[in-house]
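What follows is one structure encoded as structure tokens, with my remarks underneath.
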Amino acid sequence: MLELKNVNVHYGVIHALKDISLTVNDGEIVTLIGANGAGKTSTLGTISGLVKPSGGTVSLDGKELNKIIAPDRVSLGVSHVPEGRRVFSRMSVLENLELGAYLRRDKAEIRKDMNNVYELFPILGKRNKQMAGTLSGGEQQMLAMGRALMSKPKILLLDEPSMGLAPLLIMEIFKIIKNINEIGTTILLIEQNANMALSIADRAYVIETGRIVLSGTSKELLASEDVTKAYLGG
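The opening residue of the sequence shown carries number 558 in this note's numbering; numbering runs sequentially from there.
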């Protein structure tokens, strides 16, 4: 479904991604784990079109995305929930969700998907007229995810969905991520909480200083001494 092949990214003289290759198959949850500054966010930005690679290819369902601008990638099925949520704080919950469907014209399906988002995130339905900036951090994360789902993505890119949240909310967010996947959305997840990420993912990649250094099933990485020492507090 999604394939990155030998992707490189430079920020001036800084070589942020170095020959990154990874795949996400249809229906999977794949997680990319690594320390701050390892290149995780740059990887997602390259997929969604926010970051321009200096080499390599990004493709979705066999279609190369390198020359396709970010808005057009949304219409092809790529949806990105950025780190820090980035909700439109002076707009209502409903307006944020409607913006997620901005490129769509299938009004009946949009209404259906809006109802599906409210089923996944009941609090958003209760607060649909409330300004997004007045929501709690957890509620804003739910809104950012709901807004992304309104574009009807083939693949959902999640950047640090648990950041700044209380432990109980983290558990809830990850349960919802699993539910989103089970109802048909493929997910590529970046997450500092490696234990939680590996607990729901099918496969995982480990990135260090811009390079993929390890990959395998989540069970394999959970059993790895190196991963345990570096990321799981072992």
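All C-beta atoms in this analysis are idealised placements derived from N, C-alpha and C, irrespective of residue type, glycine included.
Quick caveat: nothing in here was measured; it's all calculated off a predicted structure.
Scanning the stretch 651–679 for uninterrupted alpha helix (DSSP H) segments of 4 residues or longer gives 664–677, listed from N- to C-terminal end.
Secondary structure at residue 773: strand, using DSSP grouped into helix, strand and coil. With distances taken between CA atoms, residue 558 lies nearest to 586 out of 586, 564, 572 and 593. DSSP, read as helix, strand or coil, puts residue 576 in strand. Rounded to whole angstroms, the separation of the alpha carbons of residue 786 and residue 687 is 44 Å. By the C-beta criterion, the stretch 742–749 is judged to be in contact with the stretch 594–612, since at least 3 inter-stretch pairs fall below 8 Å.
DSSP lists no bridge partner for residue 644. Counted as a single uninterrupted DSSP element, the stretch harbouring residue 684 is not any alpha helix (DSSP H), since DSSP gives it neither H nor E. Counting C-beta atoms within 10 angstroms of its own C-beta, residue 691 has fewer than 16 neighbours from the protein chains shown and is therefore classed as exposed. Burial is judged here by how many other beta carbons sit within 10 angstroms of a residue's own beta carbon; residue 665 has fewer than 16 and is exposed.
Cβ-Cβ separation between residue 648 and residue 592: approximately 35 Å, too far for a contact (criterion under 8 Å). DSSP, reduced to helix, strand and coil, places residue 754 within a helical segment of the structure shown.
Shortest Cα-Cα distance from residue 714 to any of 625, 753, 695 and 705 involves 705. By the criterion of a C-beta distance shorter than 8 Å, residue 765 is surrounded in its chain by 591, 592 and 595, once the five residues flanking it on both sides are discounted. Of the residues assessed, residue 732 falls on the exposed side of the cut-off, its CB having fewer than 16 other CB atoms within 10 angstroms.
For residue 688, the three-state secondary structure derived from DSSP is strand. One alpha carbon belongs to residue 561, the other to residue 630, and they sit about 15 Å apart.
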